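J.:
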Ligand code: SIN
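Numbering (the numbering used here), first residue to last: -9 to 277.
1) At a cut-off of 8 Å, would you count residue 245 as near the ligand NAP, judging by its Cβ distance to the nearest heavy atom?
2) Look at the alpha carbon of residue 12 and the alpha carbon of residue 272, and state the distance between them as a whole number of angstroms.
3) Mind checking which residues open and close the alpha helix (DSSP H) that includes residue 115?
4) Roughly how far, in whole angstroms, is the beta-carbon of residue 79 from the beta-carbon of residue 236, given that I think they are within contact range, below 8 Å?
5) Which ranges would you report for the beta strand (DSSP E) in the stretch 235 to 271 if only whole runs of at least 3 residues count?
6) Just to confirm, does residue 253 get its C-beta within under 8 Å of one of the non-hydrogen atoms of the ligand SIN?
7) Considering only C-alpha positions, which residue in the set 95, 49 and 81 is nearest to residue 62?
8) Under the three-state reduction of DSSP, which class applies to residue 210: helix, strand or coil?
9) Which same chain residues, not among the five before or five after residue 238, have their C-beta less than 7 Å away from its C-beta?
10) Using DSSP's beta-bridge definition, name the partner residues of residue 41.
11) When the Cα atoms are used, what is the spatial distance from residue 134 to residue 92?
12) Would the beta-carbon of residue 249 be found less than 8 Å away from any heavy atom of the ligand SIN?
13) Helix, strand or coil for residue 157, going by three-state DSSP, please let me know.
14) Mind the definition here: the stretch 56 to 76 touches the stretch 257 to 277 only if three or more C-beta pairs lie below 8 Å; say whether that holds.
15) Alpha carbon to alpha carbon, how far is residue 231 from residue 19?
16) Check residue 106 in the structure and name its three-state DSSP category.
Here it is, written out as structure tokens:
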């Protein structure tokens, strides 16, 4: 029997707080199915007080899909399946990992299905994370933009890790996260549907990425730029977003197919460490 989960919405459409389960305990097949269904519906799950160690975090991740080792980001020395999202107190006036709206690795043939973040060491205040609901963004897109992206593909590249679109050297992120740059293979262009369908829920969502989308298929970069700028302004409207203020022990799980996320870099002078795992997705299904 599928257990009923105590889900408390945090906004009308996006995000839910989930209490009453302890992911340190073994996760039954039926609980895993209920968690996947909850994630497909709410897109971000906030579980307070989990305090998972790395083996428990990996077991929780496997409830959502096979663990995925992401490219270009050096894993934690503690475990190759974990990225330590770390900025030390003395790393000031530097951009942070994930500090722009994005979904993860949309330039891969099979972008990740989602990720988990376990809070380990938090600043006293600040360092929140935001998510934006791309299913609602698609459902509410103005007609002219809808006509432009419906049935179209968007061209994605691993811009920050490649050569052609590499960021300036002085935009490097925290020394505590080692990012590999300058790989010509990352510049390879990959066309994915601009609107994708979730394999479990069947819902449709915009799948465009302010970091990795370089143009819309059939349009030049110059023609695409103003259209993408309008799309990104819509996709990140406050009414599609939720914001998480981290507390000790929090675990957050998000769907990477249908959300963007943003790490707020406002905590200079304080250490922030979260463990991050990722589970596999599939080649985006056109909507
Ligand atoms: C990320 O995975 O993009 C970072 C999220 C965060 O540090 O809040």
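Ideal placement from N, C-alpha and C gives every residue a C-beta, glycine not left out. Note that the coordinates shown come from a computational prediction; the quantities given were computed from them, not determined experimentally.
T.: To lay it out plainly:
1) Looking for the ligand NAP in the displayed structure turns up nothing; the ligands present are the ligand SIN.
2) 28 Å
3) Careful: residue 115 lies outside any alpha helix (DSSP H) and carries neither H nor E.
4) That pair is no contact at about 16 Å.
5) 241 to 245, 249 to 253 and 262 to 269
6) yes
7) 95
8) coil
9) 109 and 112
10) BP columns for residue 41 are empty, so no partner.
11) 23 Å
12) no
13) coil
14) yes
15) 31 Å
16) strand
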